[in-house]
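A short write-up of the structure that comes next.
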Amino acid sequence: MPPHLDELMYWIGLSAVAMMAAAGVLEAGRKRFDLFGMIIVALAAALGGGSVRDLLLDRPVFWVVDQTYLIGALSAACTTFFLARFVVLPTRFFLIPDAAGLALFTITGTNAAIAWGAPWLVASFMGVVTGVMGGILRDVLCNEEPLVFKGTLYATAAWTGALILLGLMALDMAGWIAALAAGAVIFLLRLIAIRWEIGLPRFTAKGSRDRP
Amino acid sequence: MPPHLDELMYWIGLSAVAMMAAAGVLEAGRKRFDLFGMIIVALAAALGGGSVRDLLLDRPVFWVVDQTYLIGALSAACTTFFLARFVVLPTRFFLIPDAAGLALFTITGTNAAIAWGAPWLVASFMGVVTGVMGGILRDVLCNEEPLVFKGTLYATAAWTGALILLGLMALDMAGWIAALAAGAVIFLLRLIAIRWEIGLPRFTAKGSRDRP
Amino acid sequence: MPPHLDELMYWIGLSAVAMMAAAGVLEAGRKRFDLFGMIIVALAAALGGGSVRDLLLDRPVFWVVDQTYLIGALSAACTTFFLARFVVLPTRFFLIPDAAGLALFTITGTNAAIAWGAPWLVASFMGVVTGVMGGILRDVLCNEEPLVFKGTLYATAAWTGALILLGLMALDMAGWIAALAAGAVIFLLRLIAIRWEIGLPRFTAKGSRDRP
Chain A
1 MPPHLDELMY
11 WIGLSAVAMM
21 AAAGVLEAGR
31 KRFDLFGMII
41 VALAAALGGG
51 SVRDLLLDRP
61 VFWVVDQTYL
71 IGALSAACTT
81 FFLARFVVLP
91 TRFFLIPDAA
101 GLALFTITGT
111 NAAIAWGAPW
121 LVASFMGVVT
131 GVMGGILRDV
141 LCNEEPLVFK
151 GTLYATAAWT
161 GALILLGLMA
171 LDMAGWIAAL
181 AAGAVIFLLR
191 LIAIRWEIGL
201 PRFTAKGSRD
211 RP
Chain B
1001 MPPHLDELMY
1011 WIGLSAVAMM
1021 AAAGVLEAGR
1031 KRFDLFGMII
1041 VALAAALGGG
1051 SVRDLLLDRP
1061 VFWVVDQTYL
1071 IGALSAACTT
1081 FFLARFVVLP
1091 TRFFLIPDAA
1101 GLALFTITGT
1111 NAAIAWGAPW
1121 LVASFMGVVT
1131 GVMGGILRDV
1141 LCNEEPLVFK
1151 GTLYATAAWT
1161 GALILLGLMA
1171 LDMAGWIAAL
1181 AAGAVIFLLR
1191 LIAIRWEIGL
1201 PRFTAKGSRD
1211 RP
Chain C
2001 MPPHLDELMY
2011 WIGLSAVAMM
2021 AAAGVLEAGR
2031 KRFDLFGMII
2041 VALAAALGGG
2051 SVRDLLLDRP
2061 VFWVVDQTYL
2071 IGALSAACTT
2081 FFLARFVVLP
2091 TRFFLIPDAA
2101 GLALFTITGT
2111 NAAIAWGAPW
2121 LVASFMGVVT
2131 GVMGGILRDV
2141 LCNEEPLVFK
2151 GTLYATAAWT
2161 GALILLGLMA
2171 LDMAGWIAAL
2181 AAGAVIFLLR
2191 LIAIRWEIGL
2201 PRFTAKGSRD
2211 RP
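Chains as they are written, first to last, in our numbering: chain A, 1 to 212; chain B, 1001 to 1212; chain C, 2001 to 2212.
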């Protein structure tokens, strides 16, 4: 890996965590929780995916070891909480950093699972969990149906990228090039899905369960 | 233990996981989630109980170690998702395999907790958690009140069986005979409860909280 | 530490767990769950915070190791379940033991995280998690918005106390005196917040999200 790439990844990850915390506050806005409620929802959105991954792989939870993530998410959540009173912060503004965060979290999650020795399907799924579980926890805490279960392609983009990463590594490509390529696929797929509103098929059932 | 019983248990467990994933898709049907949403709900229903047990006991999570479970649950969920468009799949159809899964999960959960060295009440409770937590997680993800908190005997059957298992083992019965007997009790209690709609008493309070 | 203080803390902790289980049954009362549902909600309220803390710190889960907590919470939940049919049990009655439990759980959670070697902000947050996560899990299981995200000061009192504990310990005060002082602050802050209905600011946003 080229020098400083590790450090660059760290800063991108930290920024993604902060952006996801800020977006979490806006997403949960209609609930009118108080400052603490918003902080917990934001932390769940920003740190939840990586926490579940670390618990499932029995690794030390990343933000417990390095509190920079907690500080970053807390600061972003509080800033957004107070800023939103005076400035219009459109959720749309967060879509691009969120897509970058999805790509990064999925790649790091998949890599962490492979390093741990997880089988390939589990590793790809662990990448998806890292990428999307934060949003699921956020919506569960807000007492809403998870957005990622209904909206435009999100987890699908993550899973595609995770499988591409595994494929490229099976072809003996250098890890960091495979990671960049797969991450770019996730990022672009997500942006394409938002732009043209592409979603997965919804569940429909024949017979008695088909009522509205 | 007689030869091949271990292998038989493995295949029954795998089938139970697949059936629970399929049933999870149907249970969540009225939500009209997309394919990914249904997959996550199905995985939560099928793998959630064992995952919580393994996390609480600090054991490697079973489906992270052996991805056959993940493959089985994913295949069953996707098949059900698409099949339900063309064929009427009544939830009722899944009640018997679900009762078998409840029995199996409760017994393996209790045994795992005993092998870990948990005290008896914790071990029996861990069996119940393994058996019912999947359904609770499924309903939480669907933003509904957990069905197992309200319906016909389910957790009660599991808990009774777990305590019988512990009692028989305290009487020095061979582990696999005790497991078969206790599992049969759970399976039959559950079927009896469904057939005659037997439930636990519901909460009612005297005074101001008694309003409808 | 003076002799017997350890033992005293254990008994206070056990009583707090039992009171929180009883209060959990009453809080969830309007849901009319059955006995098992109420037990699970009560256990989540009483044991949930400590469980999440232990999972995040990768310590053995406290009630799995020592089943006295499970017995205490189960007995309290069942007693409340049946007693509520005949006697009016006002939730208000549980506010003072709940405040004591909040203080105790926060202090022990913070101490556990420090003993584990967590950085200071993580340690204080882990104290808050121990104190409030039970209530959050209870409300998620009841399919409601978490009360602690909206009501009078609760988590704020816990966090203030946790930070005071860390400050006093940084000043080389004896651990048990710092713990008593910080615990008293949490307890009193909580009672003051209840008495004068002091809460945190709620989220309000400028622009399109500001509709009711």
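The C-beta atom is built at its ideal place from N, Cα and C for all residues, glycine as well.
| query | result |
| --- | --- |
| Among the residues of its own chain, which have a CB less than 8 Å from the CB of I2107(C), if the five just before and after it don't count? | G2127, G2161, A2162, L2165, A2179, A2182, G2183 and I2186 |
| Tell me, to the nearest whole angstrom, how far the beta carbon of V122(A) is from that of V1064(B); I am working on the premise that it is less than 8 Å. | 5 Å |
| Taking 8 Å as the CB-CB cut-off, is V2129(C) touching chain B? | no |
| Measuring CB to CB, does Y95(A) end up less than 8 Å from L89(A)? | According to the sequence displayed, residue 95(A) carries Leu and not Tyr. No, the Cβ-Cβ distance between L95(A) and L89(A) is not below 8 Å. |
| Is the Cβ of E951(B) closer than 8 Å to any Cβ of chain C? | Because residue 951(B) is not part of the residues shown, which for chain B are 1001 to 1212, the question remains open. |
| Contact criterion: CB-CB distance below 8 Å. Does R1209(B) meet it with respect to chain C? | With a pLDDT of 47 at R1209(B), under the threshold of 50, the modelled position of this residue cannot be trusted, and the question is left open. |
| Measure the Cβ-Cβ separation of E16(A) and F93(A) and say whether it is below 8 Å. | Checking the displayed sequence, the identity of residue 16(A) turns out to be Ala instead of Glu. The answer is no: Cβ separation not under 8 Å. |
| Out of A1170(B), V1148(B) and I1192(B), state which residue places its alpha-carbon closest to the alpha-carbon of R2032(C). | V1148(B) |
| Going by the CB atoms, is the gap between L141(A) and V2129(C) shorter than 8 Å? | no |
| Hey, is the region 1055-1063 of chain B in contact with the region 1019-1036 of chain B, meaning 3+ C-beta pairs nearer than 8 Å? | no |
| Any heavy atom of the ligand GDP within a distance shorter than 7 Å of the CB on G175(A)? | The ligand content of the structure shown is nil, which means the ligand GDP is not present either. |
| In terms of alpha-carbon separation, which member of W116(A), G131(A), L35(A) and L8(A) lies closest to K2150(C)? | L35(A) |
| Which same chain residues, not among the five before or five after V61(A), have their C-beta less than 8 Å away from its C-beta? | G50, S51, D54 and L55 |
| Helix, strand or coil: which one does DSSP assign to D1006(B)? | helix |
| With a threshold of 8 Å between beta carbons, is L1013(B) in contact with chain A? | Note that residue 1013(B) is Gly in the sequence shown, not Leu. Closer than 8 Å: no. |
| Which term fits V1087(B), buried or exposed, when burial requires 16 or more other beta carbons within 10 angstroms of its beta carbon? | exposed |
| For A174(A), return the contacting residues in chain B, with the cut-off set at a CB-CB distance below 8 Å. | Within chain B, no residue comes near A174(A); the closest Cβ sits about 26 Å away, beyond 8 Å. |
| Where do the ends of the alpha helix (DSSP H) carrying F1062(B) lie? | F1062 to V1065 |
| By DSSP, does T1156(B) sit in helix, in strand, or in coil? | helix |
| Go ahead and label S1075(B) buried or exposed: buried means 16 or more other beta carbons lie within 10 angstroms of its beta carbon, across all protein chains shown. | exposed |
| Run through chain A and tell me which residues come within less than 7 Å of T2156(C), C-beta to C-beta. | F36 |
| Check this for me: beta carbons of E2007(C) and R2138(C), under 8 Å apart or not? | no |
| Between I2192(C), G2167(C), I2012(C) and V2041(C), which has its C-alpha nearest M2133(C)'s C-alpha? | V2041(C) |
| Could you tell me which of L1043(B), Q1067(B), E1145(B) and L1102(B) sits nearest to I961(B), measuring between CA atoms? | Nothing can be reported for residue 961(B): it is not among the residues displayed for chain B, which extend from 1001 to 1212. |
| Could you tell me how far apart the beta carbons of R1190(B) and A1099(B) are, in whole angstroms, since I believe they sit closer than 8 Å? | 4 Å |
| Excluding the 5 residues flanking W120(A) on each side, which residues of the same chain have their C-beta closer than 7 Å to its C-beta? | L166 |
| Pull up the distance between the alpha-carbon of F125(A) and that of T1204(B), whole angstroms please. | 43 Å |
| CB-CB under 6 Å to Y1154(B), same chain, minus the five flanking residues each way: which ones, in chain order? | V1148 |
| Could you work out which residue in P2201(C), T2110(C) and G2048(C) is closest to L2070(C) when comparing CA atoms only? | G2048(C) |
| Where does R1202(B) fall in DSSP's three states? | strand |
| Who are the neighbours of L973(B) on chain A, taking C-beta pairs under 9 Å? | Nothing about residue 973(B) can be read from this structure; chain B reaches only from 1001 to 1212. |
| When you compare each of W116(A), G199(A) and A44(A) to A77(A) by their alpha carbons, which one comes out closest? | A44(A) |
| Just confirm the distance between the C-beta atoms of A193(A) and A157(A), as a whole number of angstroms; I'd bet it's less than 8 Å. | 6 Å |
| Thinking C-alpha only, which one of I177(A), E145(A) and A46(A) is nearest P97(A)? | A46(A) |
| Do you know offhand how far A112(A)'s Cα is from M9(A)'s? | 14 Å |
| For E54(A), which of helix, strand or coil comes out of DSSP? | In the sequence on display, residue 54(A) carries Asp and not Glu. Looking at D54(A) - three-state DSSP - the assignment turns out to be helix. |
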